[in-house]
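First the structure, in the form of structure tokens, and then the observations on it.
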Amino acid sequence: MSAIEQTATPVGDTTTAPDGPAIVRFDHVTHWYGNVVAVNDISLELGPGVTGLLGPNGAGKSTILHLLSGFLNPSRGSVTIAGVGPWRHPDVFRTVGLVPERDSVYAFLTAREFVIASAKLHGLPDPKAAAERALELVEMTPAADRTIQTYSKGMRQRAKVAAALVHDPKVLLLDEPFNGMDPRQRMHMMDLLRGLGAEGRTILFSSHILEEVEKLADTVQVVVAGRLAASGDYRTIRRLMTTRPHVFLLRSTDDRALAGVLIKSAAVQGVELTKDGLEVHASDHGTFTRELAKVSRAAGIGLREVVPSDESLESVFAYLVGA
Amino acid sequence: MFNSTVAWITFRALFGRKRALLFVLPALVLIVLTLALKGAHGTLADWPALVLGRVGVGAVVPLTALLVGTSVLGSEIDDNSVLHLLATPVPRRDVIVSKSIVSALVTMLFAAVPVLVAGIIAQGPHSLAFGCFLGAVLGSIVYSCVFVFISAALRHPVIYSLAYVALWEELISTLVGGAKYLSVEQWSLGLAHSISGDNDLGSHLTMTPSLVLAVIAVVVTVFYASERLSAFTVRAD
Numbered sequence: 000m001s002a003i004e005q006t007a008t009p010v011g012d013t014t015t016a017p018d019g020p021a022i023v024r025f026d027h028v029t030h031w032y033g034n035v036v037a038v039n040d041i042s043l044e045l046g047p048g049v050t051g052l053l054g055p056n057g058a059g060k061s062t063i064l065h066l067l068s069g070f071l072n073p074s075r076g077s078v079t080i081a082g083v084g085p086w087r088h089p090d091v092f093r094t095v096g097l098v099p100e101r102d103s104v105y106a107f108l109t110a111r112e113f114v115i116a117s118a119k120l121h122g123l124p125d126p127k128a129a130a131e132r133a134l135e136l137v138e139m140t141p142a143a144d145r146t147i148q149t150y151s152k153g154m155r156q157r158a159k160v161a162a163a164l165v166h167d168p169k170v171l172l173l174d175e176p177f178n179g180m181d182p183r184q185r186m187h188m189m190d191l192l193r194g195l196g197a198e199g200r201t202i203l204f205s206s207h208i209l210e211e212v213e214k215l216a217d218t219v220q221v222v223v224a225g226r227l228a229a230s231g232d233y234r235t236i237r238r239l240m241t242t243r244p245h246v247f248l249l250r251s252t253d254d255r256a257l258a259g260v261l262i263k264s265a266a267v268q269g270v271e272l273t274k275d276g277l278e279v280h281a282s283d284h285g286t287f288t289r290e291l292a293k294v295s296r297a298a299g300i301g302l303r304e305v306v307p308s309d310e311s312l313e314s315v316f317a318y319l320v321g322a
Numbered sequence: 000m001f002n003s004t005v006a007w008i009t010f011r012a013l014f015g016r017k018r019a020l021l022f023v024l025p026a027l028v029l030i031v032l033t034l035a036l037k038g039a040h041g042t043l044a045d046w047p048a049l050v051l052g053r054v055g056v057g058a059v060v061p062l063t064a065l066l067v068g069t070s071v072l073g074s075e076i077d078d079n080s081v082l083h084l085l086a087t088p089v090p091r092r093d094v095i096v097s098k099s100i101v102s103a104l105v106t107m108l109f110a111a112v113p114v115l116v117a118g119i120i121a122q123g124p125h126s127l128a129f130g131c132f133l134g135a136v137l138g139s140i141v142y143s144c145v146f147v148f149i150s151a152a153l154r155h156p157v158i159y160s161l162a163y164v165a166l167w168e169e170l171i172s173t174l175v176g177g178a179k180y181l182s183v184e185q186w187s188l189g190l191a192h193s194i195s196g197d198n199d200l201g202s203h204l205t206m207t208p209s210l211v212l213a214v215i216a217v218v219v220t221v222f223y224a225s226e227r228l229s230a231f232t233v234r235a236d
């Protein structure tokens, strides 16, 4: 069993809502797909603001969002949104907006038709006005009369967000919302979600990219192998991540000489000569990467390859869980 | 119960897929067959009843309803676009009713109307044509509800629907005596026979049991389809 699976105690505080009263509650929720445990005894509370659901692929992020939107029934425990269990209660969507991850939309409709249809399905009194407002929010008005099948992935995402926002929900759930977006669209979407969070809405979005979560979320829920591995302010979690030792694999014109040079650096904890090259354990990622080129050049050693060998999110999470 | 937005999206989705081209095929076969037999000047005296009853009501209606009925919900469940519909407060019963109505209307257009046209080609505006048309209308409604129910309840609805038509409607209901009471084809033919009085249709039921059983089937399938859709779950990747 890995270090990730062994822990059941998240880093940080899982019981406190980020800001204001909690509207979303998970109480010891477990969900199985057959014999596979997708979510394992998770308890959390979310209040107004933006919360990032961070974890590697397959960690259980989508399962948590589907449990919240009533598309899965918890095998054990309870899920509530504003006091209502979403399973078999479609009325919960008066409060909740959902942006699913999968790129399956009604591609034969234009974005305007799609969002107006969503407004009508929510029973809004003026569907057209609500749709225009939502399209404006996601900057889709100029392209709104093109069919969705002609859109890029990022534009489809924005059309989905507009449809989810059309009824002005108190809770917005987004599954990997930045997938396929270019940097400008991503920045705009982040500004939009940040603004919605600041207005008092509860925004929960999933991502496997740490930087996305860091830029946007007030609070982070880190999920690993179906368990809540860390929870709370992202700065605390980030600090744990940046102070962990980083492992690099180096290949140079003279690995032995390079080892001798690097071990003198304060940013290096240890070096090891292996058959593949030189394995370096750096205590400070930033200082090491800045110094490496400088000291190797000064020693007359040519660098052939520098590979960070533990940069995967899984290894970051493994460290977090062990912290 | 009926939600016009759900119906509109369903209608657009139905005709936005290439599969819609298939809807016309069973009707085309019926019309071509009728024209061919009409041109051959009646080798059998009862051919209009055989063509309209066995081919029209017995094959064209269920096949068209299968193509349409499994498309209106099954395709959306397969590609998960149904999430956009279900992530709204619309009661699931309204979704099922609206989709079943669209399926029934489209099946009537592509199966019941061609039965009427084939009947008129065969015998002119005769009671057989109108009887079979009304039987086909009844079949369009009931089959649509059955196939929408199968789409809501099971994965791979096309396979299960084909198995239902081939095994139950075409095999068991003709071989097992009591099974005729649970055959949509027999209810349709029962209505057609009651109106046309044509004994060559191969009907074993009269109008009243046909209509009563058809209404019960519609209510039961719509109820259970709504229940299944209320408990819709996203499949694990």
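Protein chains in written order, with numbering that gives the first Met the number 0: chain A, 0 to 322; chain B, 0 to 236. C-beta: ideal position from N, C-alpha, C; glycine also. Computed from a predicted model, the values in this text were never measured in an experiment.
By Cβ distance, which residues of its chain are closer than 7 angstroms to residue i, with the 5 residues on each side in sequence left out?
i        : result
A/Thr94  : Ile80, Ala81, Pro168, Lys169, Val170
A/Phe247 : Val279, Ala281, Val305, Val306, Pro307, Ser308
B/Ala19  : Leu13
A/Gly84  : Ser77, Val78
B/Val221 : Ile95, Val96, Ser99, Cys144
B/Ser193 : Thr205, Met206
A/His65  : Leu71
B/Val147 : Gly68, Val71, Leu72, Ile95, Lys98, Ser99, Ser102, Ala224
What number of angstroms, rounded off, separates the C-alpha of residue i from the C-alpha of residue j?
i        : j        : result
B/Ile119 : B/Ala128 : 6 angstroms
A/Tyr150 : A/Arg226 : 36 angstroms
A/Thr146 : B/Thr4   : 18 angstroms
A/Gln268 : A/Ile262 : 7 angstroms
A/Thr62  : A/Val38  : 7 angstroms
A/Ile208 : B/Val112 : 56 angstroms
A/Ser251 : A/Ala297 : 14 angstroms
A/Ser295 : A/Leu257 : 7 angstroms
A/Pro182 : B/Arg91  : 39 angstroms
B/Phe22  : B/Asp77  : 20 angstroms
B/Leu27  : B/Thr63  : 11 angstroms
B/Leu174 : A/Ala224 : 55 angstroms
Please go through the same chain and pick out, in chain order, the residues whose beta-carbon is closer than 6 angstroms to the beta-carbon of residue i, but skip the five residues on each side of it.
i        : result
A/Val98  : Lys159, Val160, Ala163, Leu173, Pro176
A/Gly259 : none
A/Val222 : Gly54, Ala58, Gly59, Lys60
A/Asp40  : His27, Thr29
Apart from the five residues on each side of it in sequence, which residues of its chain come closer than 8 angstroms, Cβ to Cβ, to residue i?
i        : result
B/Tyr163 : Val145, Ile149
Reducing DSSP to helix, strand and coil, say where residue i ends up.
i        : result
A/Arg93  : helix
A/Ala228 : strand
A/Ile262 : coil
B/Glu168 : helix
A/Thr29  : strand
A/Ala143 : coil
A/Thr6   : With a pLDDT of 36 at A/Thr6, under the threshold of 50, the modelled position of this residue cannot be trusted; read the value that follows with caution. The answer is coil: DSSP assigns A/Thr6 none of H, G, I, E or B.
B/Thr87  : coil
B/Ile158 : helix
Under 8 angstroms, do residue i and residue j count as touching if we go by C-beta distance?
i        : j        : result
A/Thr109 : A/Arg75  : no
B/Val217 : B/Val141 : yes
B/Leu72  : B/Lys98  : yes
A/Ala130 : A/Val165 : yes
B/Val60  : B/Ser160 : no
B/Leu137 : B/Ser187 : yes
B/Val50  : B/Ala117 : yes
B/Thr87  : A/Leu120 : yes
B/Leu29  : B/Val54  : yes
A/Val36  : A/Gly69  : no
B/Leu200 : B/Gly52  : yes
So, is the C-beta of residue i closer than 8 angstroms to a C-beta in chain A?
i        : result
B/Ile22  : In the sequence as displayed, the identity of residue 22 of chain B is Phe instead of Ile. With 8 angstroms as the cut-off, B/Phe22 does not count as an interface residue toward chain A.
B/Arg11  : yes
B/His83  : yes
B/Ile100 : no
So, does the CB of residue i fall closer than 8 angstroms to a CB anywhere in chain B?
i        : result
A/Lys119 : yes
A/Val10  : Summary for A/Val10: the model assigns pLDDT 45, below 50, so the residue's position carries little reliability; its value from the coordinates is reported in the next sentence. By this cut-off, A/Val10 is not an interface position.
A/Ala162 : yes
A/Ser205 : no
A/Ala116 : yes
A/Met0   : Only weak support is given to the placement of A/Met0: the predicted model assigns it a pLDDT of 36, under 50, and the value that follows is read from those uncertain coordinates. No, no contact with chain B.
A/Leu71  : yes
A/Leu97  : yes
A/Asp174 : no
A/Leu108 : yes
A/Val170 : no
A/Val104 : yes
A/His284 : no
| Members of the segment 79-95 of chain A that neighbour chain D once the beta carbon cut-off is set at 7 angstroms | Annotation note: the requested chain D is absent from the structure, which comprises protein chains A and B.
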